[in-house]
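The sequence shown lines up with residues 34 to 208 when you count with my numbering. All C-beta atoms, glycine included, are put in the ideal place defined by N, C-alpha and C. The block underneath contains the structure these notes are about, expressed in structure tokens.
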Amino acid sequence: ALDVFAMLDHLGIEQFKAIGVSLGAKTLLHMATQQPARIEAMVLVSATPYFPEQARAVMRQVSPDNRTEAEWEQMRQWHKHGDEQIRALWRMTNAFKDSYDDMNFTPSLLSTIKARTLIVHGDRDPLYPVDMAVELYTSIPRSYLWIIPNGGHGPIFGDMADRFAETALAFLNDE
Numbered sequence: 034a035l036d037v038f039a040m041l042d043h044l045g046i047e048q049f050k051a052i053g054v055s056l057g058a059k060t061l062l063h064m065a066t067q068q069p070a071r072i073e074a075m076v077l078v079s080a081t082p083y084f085p086e087q088a089r090a091v092m093r094q095v096s097p098d099n100r101t102e103a104e105w106e107q108m109r110q111w112h113k114h115g116d117e118q119i120r121a122l123w124r125m126t127n128a129f130k131d132s133y134d135d136m137n138f139t140p141s142l143l144s145t146i147k148a149r150t151l152i153v154h155g156d157r158d159p160l161y162p163v164d165m166a167v168e169l170y171t172s173i174p175r176s177y178l179w180i181i182p183n184g185g186h187g188p189i190f191g192d193m194a195d196r197f198a199e200t201a202l203a204f205l206n207d208e
């Protein structure tokens, strides 16, 4: 989060709107609690206030080496800059393993967030149960909750991509 703030400062961007997915949503939560006035609006997709044990168990097994070809193909659809980009994302994901406890957000900390917040969550997310999205919703002032039926982790891709883009842009533009 501090690196993103440094980049924004360098670019002269005082306030901004953003979308974060999974760990990107976690980064936005950090930013929104560290410097609340800077984020005008944000969309959090597959976010969590803390890492539950099922997510920690999956993260402990995260490795590009034990992925099936079908999983690689799915990742290639999301990440258009080749396999090296995907491997770099795996390395960054693995770096989080030592900092799970530093990435917890209490309801009182979440209540300091000033940004209008749209929380988007799949009701079948295997990493973060839908209750976690509800916890974010009840803790963050000015938040809205969109539960996507039959959606997993990152439910905004595939058939939902166009609807998500339209909804997220309308929300960020306060329409």
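In the structure shown, residue 154 adopts extended strand secondary structure according to DSSP, grouped into three states. Here residue 174 has 144, 146 and 147 as same chain residues with Cβ atoms under 8 angstroms from its own Cβ, once five neighbours each way along the sequence are excluded. Looking at the backbone, the Cα of residue 201 and that of residue 100 are separated by about 31 angstroms. Secondary structure note for residue 176: its beta strand (DSSP E) is the uninterrupted segment 176–181. The criterion of a C-beta distance shorter than 7 angstroms is not satisfied by residue 180 and residue 169. Here residue 158 is buried. Its C-beta has 16 or more other C-beta atoms within 10 Å.
Note that the C-beta distance between residue 80 and residue 58 is below 7 angstroms. Judged by DSSP secondary structure, residue 56 falls within the alpha helix (DSSP H) whose first and last residues are 56–67. Under DSSP, residue 201 forms no beta bridge with any residue. When DSSP reads this structure, residue 149 sits in a beta bridge with 74. If you draw a straight line from the Cα of residue 113 to the Cα of residue 137, it is about 31 angstroms long. Spanning the alpha carbons of residue 205 and residue 82 requires a straight line of approximately 22 angstroms. With a beta-carbon spacing of about 5 angstroms, residue 156 and residue 163 fall inside the 8 angstroms limit used to define contacts. DSSP places residue 188 in no alpha helix (DSSP H); its state is neither H nor E.
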